[in-house]
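Reading through the structure tokens given below for one structure.
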Amino acid sequence: MANNTTHTIEYKTLSIVLLVLMFLTFVTIEITSFHLGALTVTAALLIAGVKATIVMYHFMHLKYESLLLRILVAMVFVLFILIVVITFIDYAFR
Amino acid sequence: MSEHNAIHVEEHRDDEASKLGMWLFIFTELLLFGGLFLVYSIFRMQYHTAFHESSLELSVTIGAINTIVLLFSSMTVAMSLTAIQKNDQKRALIFIGITLFCAAVFLVNKYFEWGGKIHHGLYPGSELMALLDRGHHLYFSLYFFMTGLHALHIIIGMILLIVCLFKVKSKNLNNKDYVLLENGALYWHLVDLIWIFLFPLMYLLS
Amino acid sequence: MSNSTEKIEYVSYLDHKGKYKGLMAWIMATDHKKIGLLYMYSIMTFFFIGVILGLMMKVELLAPGETIMKAQTYNGVFTLHGILMIFMVVIPGLSATFGNFFLPILIGAKDVSFPKLNRFSWWIFIVGSIMAVASQLLKDGPPDSGWTFYAPYSTTTGTNVIMATAAAFVLGFSSILTGLNFIVTVHQMRAPGMRFFNMPLFPWSLYATAWIQLLATPVIGITLLMLIAERLFNIGFFDPNLGGDPLLFQHLFWIYSHPAVYVMMLPAMGVITEIIPTFCQRQIYGYKAVAISSLAIAGVGFLVWGHHMYTSGMSDEARWFFSLLTFIVAVPSAIKVFNWITTMYKGSIDVKPPFLYALTFIFLFIIGGTTGLLLGAVATNVQVHDTAFVVAHFHYIIFGGMGFAFFAAIHYWLPKMYGRMYNFKIANIALVINFIGFNLLYFPQFIIGIQGMPRRYFDYPAQFQPAQVLSSIGGFILVIGLILMVYNLVKGARSGEIAPENPWNGSTLEWTLPATPSLENFDEEPIIKENPYDYK
Chain A
1 MANNTTHTIE YKTLSIVLLV LMFLTFVTIE ITSFHLGALT VTAALLIAGV
51 KATIVMYHFM HLKYESLLLR ILVAMVFVLF ILIVVITFID YAFR
Chain B
95 MSEHNAIHVE EHRDDEASKL GMWLFIFTEL LLFGGLFLVY SIFRMQYHTA
145 FHESSLELSV TIGAINTIVL LFSSMTVAMS LTAIQKNDQK RALIFIGITL
195 FCAAVFLVNK YFEWGGKIHH GLYPGSELMA LLDRGHHLYF SLYFFMTGLH
245 ALHIIIGMIL LIVCLFKVKS KNLNNKDYVL LENGALYWHL VDLIWIFLFP
295 LMYLLS
Chain C
301 MSNSTEKIEY VSYLDHKGKY KGLMAWIMAT DHKKIGLLYM YSIMTFFFIG
351 VILGLMMKVE LLAPGETIMK AQTYNGVFTL HGILMIFMVV IPGLSATFGN
401 FFLPILIGAK DVSFPKLNRF SWWIFIVGSI MAVASQLLKD GPPDSGWTFY
451 APYSTTTGTN VIMATAAAFV LGFSSILTGL NFIVTVHQMR APGMRFFNMP
501 LFPWSLYATA WIQLLATPVI GITLLMLIAE RLFNIGFFDP NLGGDPLLFQ
551 HLFWIYSHPA VYVMMLPAMG VITEIIPTFC QRQIYGYKAV AISSLAIAGV
601 GFLVWGHHMY TSGMSDEARW FFSLLTFIVA VPSAIKVFNW ITTMYKGSID
651 VKPPFLYALT FIFLFIIGGT TGLLLGAVAT NVQVHDTAFV VAHFHYIIFG
701 GMGFAFFAAI HYWLPKMYGR MYNFKIANIA LVINFIGFNL LYFPQFIIGI
751 QGMPRRYFDY PAQFQPAQVL SSIGGFILVI GLILMVYNLV KGARSGEIAP
801 ENPWNGSTLE WTLPATPSLE NFDEEPIIKE NPYDYK
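Protein chains in written order, with the numbering used here: chain A, 1 to 94; chain B, 95 to 300; chain C, 301 to 836.
Below, the structure written as structure tokens:
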């Protein structure tokens with residue numbers, strides 16, 4: 001017997017997700033054409049973060065996975081951010 | 095849950111485990127690129143004017159096209175999984191085919207982009223690179239290193255999906271057993287995830 | 301696969317007949333126990349090559365000036381000693397050997413989740429090891445950058461650095477795959493009734509270790525790739541002439557290599573946590589504290605890498621921050637030591653070789669740990685950075701800790717691995733020799749380190765000679781002890797007395813199996829206890 005546990009996502013849902021992602025890409029390109037320095041970088045990275053979350057949540061089926069896996073994914077990103085922040089404690093004050 | 099596992103052990107097949115394994119591998123890949131993003135952010139802070147100027151050399155249009163191509167391929171690979179789950183072999187094949195086509199388009203685009211730079215004598219180790227000032231030099235080193243490694247992952251992803259394609263054809267991959275396609279798709283989405291960050295950092299933030 | 305209702309005839313995993321014969325039967329084995337043994341044999345081989353290299357250094361240091369080798373040879377020798385011992389011995393050491401052999405058994409599983417991947421990890425481990433050894437023999441000469449490959453020297457030296465870093469990359473990949481396999485195994489393969497909080501504590505420590513392997517190793521992977529690209533294409537990430545930053549290499553290197561220290565130590569702590577309750581016949585004190593402290597060490601251990609770089613020119617803010625975190629990471633380690641010692645209180649202690657090795661571990665680990673605090677404090681660190689003091693400290697931790705835990709593990713589990721027993725008396729004598737040799741070898745280095753003897757130097761002023769000679773004598777004594785110990789173990793494994801199923805009266809699952817387990821470990825469903833250490 002098979003033991004597939006994956007939820008089936010309808011074509012329509014996937015298409016809507018794609019449209020949202022494309023819209024966000026468009027927004028990123030528009031936002032970065034304003035030169036607002038650090039604010040632009042923050043906005044672009046935030047939008048990229050949102051896009052990544054959407055890809056993981058829908059395309060990668062994270063929405064239907066166990067809570068544990070979702071926590072683990074979040075942990076990996078938190079760990080990476082911590083490493084970057086701590087490295088910057090050195091570079092920002094040198 | 096534990097009773098569930100015991101059954102898996104008996105038949106030596108556990109899709110949950112394969113999928114968890116793939117996710118863990120994706121974590122590894124994310125931190126692999128994470129190291130590069132760390133390097134990028136530090137140099138960007140130190141040489142932000144030079145990074146700003148250099149990124150103007152890249153064509154936002156090509157970058158945007160590639161972004162859309164990758165996002166689209168991410169959707170089609172997800173759709174191929176849906177098709178297989180619905181036992182629609184023909185559609186699954188078409189969707190995997192479209193994904194592979196998109197991957198090829200991405201690589202061709204990249205080829206022309208890199209080719210243009212190399213044509214102008216701009217590549218790691220070239221004489222022109224040695225003449226650039228520090229910030230520009232680092233930017234283009236990072237550009238080639240990061241997009242190169244990303245392209246390598248595209249190729250690996252393509253190989254995985256080609257294997258899936260043949261398995262779907264031979265019906266070894268079907269609506270009863272599709273974990274391979276699931277993992278192939280996960281890997282493909284990873285490639286997309288990395289590009290989602292690469293695109294604004296390399297092409298846009300100027 | 302056969303149905304669980306029909307009775308399976310017992311065949312020891314060592315006698316199991318598969319598709320292949322002879323050597324191929326080992327190379328192609330997917331049985332986690334055989335893969336564990338394969339790791340053990342290869343790791344012990346590399347260990348003894350590393351020991352010989354270490355001994356060569358000790359002979360060189362017997363007198364100031366050139367004794368038996370040239371300065372450049374000495375650089376090559378300490379580099380290979382480092383690469384071999386770190387990447388090929390201590391990092392895979394406990395987790396790949398005893399983790400492979402006992403993780404599935406301890407959680408009541410028949411194998412790891414991905415047996416073929418497990419075999420593949422061993423193959424690429426061997427490929428990486430061959431590359432590391434080859435880097436010594438190829439025509440440009442052995443790498444001389446030290447195992448740390450610090451830029452910019454490593455990017456400019458003419459020696460085989462590319463080969464050595466590529467080897468480390470491949471070995472890292474093997475380590476990642478082992479970690480991945482173990483995490484999935486712990487999540488998916490636990491026997492019915494085995495929850496996270498009634499797993500024995502060795503699997504707990506392996507689980508925490510596996511996360512470090514999985515998440516830290518890719519960082520060194522990309523760093524080494526950058527280093528290779530730097531050498532090939534002048535990309536300039538680490539070269540100050542091209543605007544790069546050598547300190548960045550140190551950051552990236554230690555983002556992996558500090559957590560890697562916990563890849564070495566956590567399984568060692570896990571082994572000790574198994575041995576102490578068994579020989580005291582007592583419930584481990586503070587089960588949950590020990591389990592959680594493994595995860596805490598893994599977590600906080602990710603964030604303290606900067607304490608290797610106090611004198612490299614980091615900002616002051618970063619230095620005090622890393623110092624603070626370093627003191628925090630000492631807390632869970634101390635919790636473990638406290639719990640081991642408390643477990644012994646009022647226990648009925650049975651003084652057998654594994655227990656003595658465990659005690660030696662605790663003793664050496666306390667010395668290594670407390671000198672680690674000295675190094676974690678910025679003020680003292682800047683005095684002794686890059687001196688023999690550091691060398692002594694990490695040998696107390698890595699050799700005295702991980703090494704002696706490895707010996708403890710062999711003495712503890714050998715009857716289960718081979719179904720035979722070694723001679724206790726020789727084991728005890730070897731332990732005493734090892735203990736004396738070890739302390740004589742490394743303790744003087746604390747003293748000359750404080751007096752200013754730098755590490756990695758092939759020459760020294762005459763005032764250090766007495767301590768250097770003492771240290772070298774200790775080295776020879778230690779080697780004699782090691783040879784005696786291995787001789788006793790090999791003899792025991794081949795022709796020792798037949799061991800009973802449960803020679804130590806242990807309560808964890810491996811002791812419910814026959815003296816050598818069968819291919820799939822549990823021919824009947826194991827009975828999972830609510831408390832893995834239910835001694836009186």
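Quick reminder that beta carbons are idealized off the backbone N, C-alpha and C, glycines included.
Taking C-beta separations shorter than 7 Å and ignoring five residues to either side along the sequence, the partners of tryptophan 326(C) in its chain run Lys334 and Leu338, following chain order. Not flagged as an interface residue toward chain A: serine 475(C), since no C-beta distance is shorter than 8 Å. Pairing alanine 705(C) with alanine 568(C) gives a Cβ-Cβ distance under 8 Å. As the crow flies, the alpha-carbon of valine 779(C) is around 8 Å from that of asparagine 734(C).
Looking at the DSSP output, methionine 721(C) shares a beta bridge with Glu797(C). Contact annotation: isoleucine 407(C) and valine 486(C) have beta-carbon atoms nearer than 8 Å. DSSP, read as helix, strand or coil, puts proline 754(C) in strand.
Within the region 273-285 of chain B, contact with chain A at the beta-carbon level (separation under 7 Å) is assigned to Glu276, Leu280 and His283. Contact with chain C is found for alanine 111(B), since one of that chain's Cβ atoms lies less than 8 Å from the residue's Cβ.
Within the region 587-607 of chain C, the residues whose Cβ lies closer than 8 Å to some Cβ of chain A are Phe602, Leu603 and Gly606, listed in chain order. Within its own chain, the residues whose Cβ lies closer than 7 Å to the Cβ of threonine 397(C), once the five positions on either side in sequence are excluded, are Gly336, Tyr339, Met340 and Ile343, listed in chain order. Residue pairing from DSSP leaves aspartate 686(C) without any beta-bridge partner.
Taking C-alpha positions only, phenylalanine 145(B) is separated from glutamine 550(C) by approximately 23 Å.
Only residues of its own chain outside the window of five on either side were considered, and among them Cys196 have a CB closer than 7 Å to the CB of phenylalanine 166(B), listed in chain order.
At a beta-carbon threshold of 7 Å, none of the residues of chain A lie near serine 557(C); the nearest stands roughly 14 Å away. Proximity of lysine 51(A) to chain B, defined by a Cβ-Cβ separation below 8 Å, is satisfied.
By the neighbour-count criterion, in which a residue is buried when 16 or more other Cβ atoms sit within 10 angstroms of its Cβ, arginine 490(C) is buried. For isoleucine 736(C), the closest of Phe776(C), Pro715(C), Gln768(C) and Ile747(C) by C-alpha to C-alpha distance is Phe776(C).
Scanning chain C for C-beta atoms nearer than 9 Å to the C-beta of leucine 82(A) yields Phe602 and Leu603, reported in chain order. For a Cβ distance threshold of 7 Å, residue set Leu542 and Gly543 of chain C lies close to arginine 228(B), ordered along the chain. Taking a C-beta cut-off of 9 Å against chain A, the contacting residues of the region 614-632 of chain C are Met614, Ser615, Asp616, Glu617, Ala618, Arg619, Phe621, Phe622 and Leu625, listed in chain order.
If you look at glutamate 221(B), you'll find it in the alpha helix (DSSP H) that goes 221-225. Under the three-state reduction of DSSP output, serine 807(C) falls in the coil class, being neither helix nor strand. For aspartate 90(A), the secondary structure class from DSSP, reduced to helix, strand or coil, is helix. By the criterion of at least three beta-carbon pairs nearer than 8 Å, the region 675-695 of chain C is in contact with the region 738-758 of chain C. Below the 9 Å Cβ cutoff, chain B contributes Thr176 as neighbours of glutamate 10(A), in chain order.
Asparagine 788(C) carries a helical assignment under DSSP once its states are collapsed to helix, strand and coil.
For leucine 79(A), the nearest beta carbon of chain C is closer than 8 Å to its own beta carbon. For the pair asparagine 723(C) and alanine 709(C), the Cα-to-Cα distance works out to about 16 Å. For isoleucine 535(C), the closest Cβ of chain B is nearer than 8 Å.
By the neighbour-count criterion, in which a residue is buried when 16 or more other Cβ atoms sit within 10 angstroms of its Cβ, valine 73(A) is buried. Contact with chain C is absent for phenylalanine 145(B), since none of that chain's Cβ atoms lies less than 8 Å from the residue's Cβ.
Residues of chain B whose Cβ lies closer than 8 Å to the Cβ of leucine 69(A) are, in chain order, Leu114 and Trp117. Take leucine 547(C), set aside five residues on each side of it, and the residues of its chain with a beta-carbon closer than 8 Å to its own are Met609, Ser612, Gly613 and Met614, in chain order. Taken atom to atom, the span from the alpha-carbon of valine 389(C) to that of asparagine 681(C) is near 28 Å. Proximity of lysine 180(B) to chain A, defined by a Cβ-Cβ separation below 8 Å, is satisfied.
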